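Residue numbers (numbering that gives the first Met the number 0), protein chains in the order written: chain A, 0 to 520; chain B, 0 to 332.
All C-beta atoms, glycine included, are put in the ideal place defined by N, C-alpha and C.
Please read these numbers as outputs of a predicted model, since none were measured by experiment.
First comes the structure, then the notes that go with it.
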Amino acid sequence: MIIQTIVKKNAYYDSVTLMLLSRELKKLEGVEEILVGMGTDLNIELVQNLGLFSGELESITSNDLFISAKFDETRTNLEAIEAAFVEQLNKTDQKEADDDYQPPTLKSALQYLPDANMVVVSVPGQSAADVVDEALDNDLHVMLFSDNVSVEDELRLKQKAVNKGLLVMGPDCGTAIINGAPLCFANAVRRGRIGVVGASGTGTQEVTVQIHQMGGGLSQVIGTGGRDLKEEIGGLMMIQGFQALIDDPETDLIVLISKPPAASVAEKIYRIARQSAKPVVIDFIGGDRAAIEAVGAIACISLEDAARKAMAKLNGQKVADFVGFSLPEAEIEQIVDKAVATLKPDQTELRALFTGGTLADEAMKLLGGRYAIYSNIPLSPEMAIENMPDQKGHLCLDLGEDRFTRGRPHPMIDPQTRTEFFRSHVDEQTAVILVDVVLGFGSHADPAGAVVDSVREVRERLGKVGREVVVVASVCGTDLDSQNLERSVRALESEGVIVMPSNAQAVRLTDRVFQRLEKGN
Amino acid sequence: MISAVLIAQDLLDYLERRGEVDARVQAVYRTAINLQLDTDQLVTIVDETHAGIPMGVVINDAVSAARLSIGDTLILSAKGFKTAAGDDLADFNDCQIWQPGTVPDAELRDASQVQGLRNDIFNWLSTFEPIGLLPLINYQGAHSKDDRFEISDTYCRFIARDLLDFSERLISGNLPQALKVSKKLIGFGMGSTPSCDDYLAAVLLILARWQSANPLNSAEVEEFSSQLIALADVNTTLVSANMLRLASSGRSSQVHEALINALLYKTESDITYLMSQVIKTGASSGADFMAGLLCGLDWYIAQQSLQPIERCLEQAMSVAFVRKGCDDNSNNC
Numbered sequence: 000m001i002i003q004t005i006v007k008k009n010a011y012y013d014s015v016t017l018m019l020l021s022r023e024l025k026k027l028e029g030v031e032e033i034l035v036g037m038g039t040d041l042n043i044e045l046v047q048n049l050g051l052f053s054g055e056l057e058s059i060t061s062n063d064l065f066i067s068a069k070f071d072e073t074r075t076n077l078e079a080i081e082a083a084f085v086e087q088l089n090k091t092d093q094k095e096a097d098d099d100y101q102p103p104t105l106k107s108a109l110q111y112l113p114d115a116n117m118v119v120v121s122v123p124g125q126s127a128a129d130v131v132d133e134a135l136d137n138d139l140h141v142m143l144f145s146d147n148v149s150v151e152d153e154l155r156l157k158q159k160a161v162n163k164g165l166l167v168m169g170p171d172c173g174t175a176i177i178n179g180a181p182l183c184f185a186n187a188v189r190r191g192r193i194g195v196v197g198a199s200g201t202g203t204q205e206v207t208v209q210i211h212q213m214g215g216g217l218s219q220v221i222g223t224g225g226r227d228l229k230e231e232i233g234g235l236m237m238i239q240g241f242q243a244l245i246d247d248p249e250t251d252l253i254v255l256i257s258k259p260p261a262a263s264v265a266e267k268i269y270r271i272a273r274q275s276a277k278p279v280v281i282d283f284i285g286g287d288r289a290a291i292e293a294v295g296a297i298a299c300i301s302l303e304d305a306a307r308k309a310m311a312k313l314n315g316q317k318v319a320d321f322v323g324f325s326l327p328e329a330e331i332e333q334i335v336d337k338a339v340a341t342l343k344p345d346q347t348e349l350r351a352l353f354t355g356g357t358l359a360d361e362a363m364k365l366l367g368g369r370y371a372i373y374s375n376i377p378l379s380p381e382m383a384i385e386n387m388p389d390q391k392g393h394l395c396l397d398l399g400e401d402r403f404t405r406g407r408p409h410p411m412i413d414p415q416t417r418t419e420f421f422r423s424h425v426d427e428q429t430a431v432i433l434v435d436v437v438l439g440f441g442s443h444a445d446p447a448g449a450v451v452d453s454v455r456e457v458r459e460r461l462g463k464v465g466r467e468v469v470v471v472a473s474v475c476g477t478d479l480d481s482q483n484l485e486r487s488v489r490a491l492e493s494e495g496v497i498v499m500p501s502n503a504q505a506v507r508l509t510d511r512v513f514q515r516l517e518k519g520n
Numbered sequence: 000m001i002s003a004v005l006i007a008q009d010l011l012d013y014l015e016r017r018g019e020v021d022a023r024v025q026a027v028y029r030t031a032i033n034l035q036l037d038t039d040q041l042v043t044i045v046d047e048t049h050a051g052i053p054m055g056v057v058i059n060d061a062v063s064a065a066r067l068s069i070g071d072t073l074i075l076s077a078k079g080f081k082t083a084a085g086d087d088l089a090d091f092n093d094c095q096i097w098q099p100g101t102v103p104d105a106e107l108r109d110a111s112q113v114q115g116l117r118n119d120i121f122n123w124l125s126t127f128e129p130i131g132l133l134p135l136i137n138y139q140g141a142h143s144k145d146d147r148f149e150i151s152d153t154y155c156r157f158i159a160r161d162l163l164d165f166s167e168r169l170i171s172g173n174l175p176q177a178l179k180v181s182k183k184l185i186g187f188g189m190g191s192t193p194s195c196d197d198y199l200a201a202v203l204l205i206l207a208r209w210q211s212a213n214p215l216n217s218a219e220v221e222e223f224s225s226q227l228i229a230l231a232d233v234n235t236t237l238v239s240a241n242m243l244r245l246a247s248s249g250r251s252s253q254v255h256e257a258l259i260n261a262l263l264y265k266t267e268s269d270i271t272y273l274m275s276q277v278i279k280t281g282a283s284s285g286a287d288f289m290a291g292l293l294c295g296l297d298w299y300i301a302q303q304s305l306q307p308i309e310r311c312l313e314q315a316m317s318v319a320f321v322r323k324g325c326d327d328n329s330n331n332c
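Below is the structure:
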């Protein structure tokens, strides 16, 4: 065993660094004892006390750093210890960069991560435009999670981005997956050859999880923000994202998702689709099918249908509308029979309580032609919830809409809002409760558990007056999500919830139940 | 040019008094830069991850934006900082000004209230991983002469006996003897503010608040503090010596000061929140500070519990240590 010391003159390290370093250095093979510290008199006394003193410490000052070690010279040497010190120091710096440091401003973030090329902006809406401006000035792509950004600012920022060849995903953009990195609300999906540009958050999530569940994967998922395809914005980011995916060598097929765009915007998108050498699947939820097919793109009738068609096209299989169920028809009939049998004749109403806006919108469009449904996102103005007479009639709510999230978290983060609606809007006339359960990054740790609690509570309440209720759900998630798809489905089924493999199928099953009720069981 | 958002009043006062002064970059950390003045005082530039600090400036940028390296020279004035070449580096025009060492405009807590809070802190600290000097809080005040401390950390085990001697002497009011032991503490531990210095900083801050509440009856405390910082000047790192000097005049970072004030004065502050902010400072600095805080509070409680006449007598007995006698006109005597 020998004792040797390294002294670093005027070396200032904070205690975080030194504590981590000394712990790691003690683990080195051949090191029996090691002490790291500043060269104060007392620390030197400790070095002596531990028998680690050597001549190098005689001229040390309080502002010098020392590493004194007693080690087996046949197994290690001072150079190796110093190399380990430097290596650990670098690791510590990197760890701090990765885990701890939260830059207070965009400028400081850029100084800390000079190679970053994208920024997620989530500041109050009134300040967001300035931050995005600064980001674009620094040649950064932007994901703008903030809402309450004016249309004028959105247009100006997107024009600026287009001129610089950058993306501004948003405002109010909740979902993106860039180079495999999920941003904000996104699901854990495998990487693959399908690229998505989506103007609707949960719609994009539903398509990406369906692709994953069918064995496919995603190259890039680009969000645009919900207003992008309106006349005022002109689809600037849908077009920018579309072009980016056309140019992307890792993307073989492109899926576009949005509510029906303004006519002038649709025209621009169709023109690009017509020229695209890559197949394009378009789900403009409830949009003009003929116009889409006229440009050689593939039109869809639901989000699930979009995923199925993308997978079929990519795999060289026949592309056909999917209007049914994954389960055989006989099993579906059994489920419907069993559900309807639990209901009393005066249980006739739907309560669709969605946390995902696009999923609610899809439900309205799939059911709306057949039933009069009141909503906060109604298909026609007269069906606005304000016009609902004494809570009588069918109801479909997007609980993530601004009016329900003012001063409280989005229901995908905190299910309390939906819990309250279970209490206030489910009554003795309710026949079916239809819900979505959205898993993934950013979502609540156990959204299925929250639904289970609400269902249990409502069953108990209705049970007291001799009633049951049918609950239908779909889970938008994957086996890779931290909340886990299978676990969530099991939890829901254990409480008697009918869990369907997609939102579209959940809505169709609900439709079947109501059709049967209309026929009088 | 970097944007300064907050400047400490003591730094502003200093610079107004001195006019333009040269400063040398003494250390560059990830979120802070220390500038050394010709008086060996330090001026600190920090980013917004830090609260305000005495003799410091908070900037709205990463400190790397200043592009400073150790050894660079700056010219400081009350208007801002310039590089040696005369280029503007930061100006203080729109800066918020924070006054370190400010005592709240509130009534002092009585000894029993402070004792209650002290017990709460002890219980709260007991739930933490025993890092730094925290393992010693179980022994502090137990008057144990047993040196068999079941502590795995080499530094902590080595200093245990001396630290407990210090706290015992301090709490019993024997400041001269505590000062003697403090020589064994100053500068002990790793990092640029060694563990025992963080501990002593907490003690000094409590003493300083007591001084400001008892201006006519604090000569012994004042002497203790000034001798302790004189020891620090030659026995610990420059950064730490500066920290102790500031603490002896009641100055520390905004969050540390807020905690001390909340414990001693009847304010509405959220003490648990403040403790949680303090304890996460550094690897063990926050824990070391909290351990010192318990010691300081024990001393404070003992002082508050003394009758005014006893306090005067006690002070009179430490004649050799006292620079100013007890003021006959003092209401406290």
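How many angstroms separate the CA atom of residue i from the CA atom of residue j?
i: P327 of chain A; j: I271 of chain A; result: 39 Å
i: R511 of chain A; j: K106 of chain A; result: 56 Å
i: L67 of chain B; j: D87 of chain B; result: 13 Å
i: V506 of chain A; j: A362 of chain A; result: 6 Å
i: G36 of chain A; j: G281 of chain B; result: 15 Å
i: L41 of chain A; j: A84 of chain B; result: 41 Å
i: I2 of chain A; j: L34 of chain A; result: 11 Å
i: P377 of chain A; j: C395 of chain A; result: 8 Å
i: I232 of chain A; j: A265 of chain A; result: 12 Å
i: E494 of chain A; j: V454 of chain A; result: 7 Å
i: A61 of chain B; j: I96 of chain B; result: 20 Å
i: H424 of chain A; j: V431 of chain A; result: 12 Å
i: A200 of chain B; j: M237 of chain A; result: 59 Å
i: A89 of chain B; j: A10 of chain A; result: 26 Å
i: I80 of chain A; j: T153 of chain B; result: 19 Å
Drop a sphere of 10 angstroms on the beta-carbon of residue i, count the other beta-carbons inside from all chains shown, and report buried for 16 or more, exposed for fewer.
i: F166 of chain A; result: Contrary to the premise, residue 166 of chain A reads as Leu rather than Phe in this sequence. That one is buried.
i: T38 of chain B; result: exposed
i: A177 of chain B; result: buried
i: R244 of chain B; result: buried
i: M0 of chain A; result: exposed
i: L112 of chain A; result: exposed
Which residues share a DSSP beta bridge with residue i?
i: M168 of chain A; result: A:M142
i: G194 of chain A; result: A:I253
i: E32 of chain A; result: A:K69
i: H393 of chain A; result: A:I372
i: P181 of chain A; result: A:I176
i: V280 of chain A; result: A:V254 and A:I297
i: Y264 of chain B; result: B:L107
i: Q3 of chain A; result: A:A68
i: K81 of chain B; result: B:I74 and B:D87
i: M499 of chain A; result: A:S473
i: M310 of chain A; result: Its beta-bridge partners do not exist; DSSP assigns none.
i: E219 of chain B; result: None, per the DSSP bridge assignment.
i: E348 of chain A; result: A:T429
What first and last residue would you give for the beta strand (DSSP E) that runs through residue i?
i: L204 of chain B; result: Segment S194 to A212 is the alpha helix (DSSP H) holding L204 of chain B; no beta strand (DSSP E) there.
i: C475 of chain A; result: V469 to C475
i: Q95 of chain B; result: Q95 to W97
i: F52 of chain A; result: F52 of chain A -> no beta strand (DSSP E), and no H or E assigned at all.
i: F121 of chain B; result: Segment A110 to L124 is the alpha helix (DSSP H) holding F121 of chain B; no beta strand (DSSP E) there.
i: G55 of chain B; result: G55 to I58
i: T43 of chain B; result: L41 to D46
Which two residues bound the contiguous alpha helix (DSSP H) that contains residue i?
i: Q35 of chain B; result: Taken as a continuous stretch (DSSP letters only), Q35 of chain B belongs to no alpha helix (DSSP H), being part of the beta strand (DSSP E) at A31 to L36.
i: R460 of chain A; result: P446 to G462
i: F324 of chain A; result: Neither: F324 of chain A is in no alpha helix (DSSP H) and is coded neither H nor E.
At 4 residues or longer, what runs of the alpha helix (DSSP H) sit wholly inside the region 400-438 of chain A?
401-404 and 415-424
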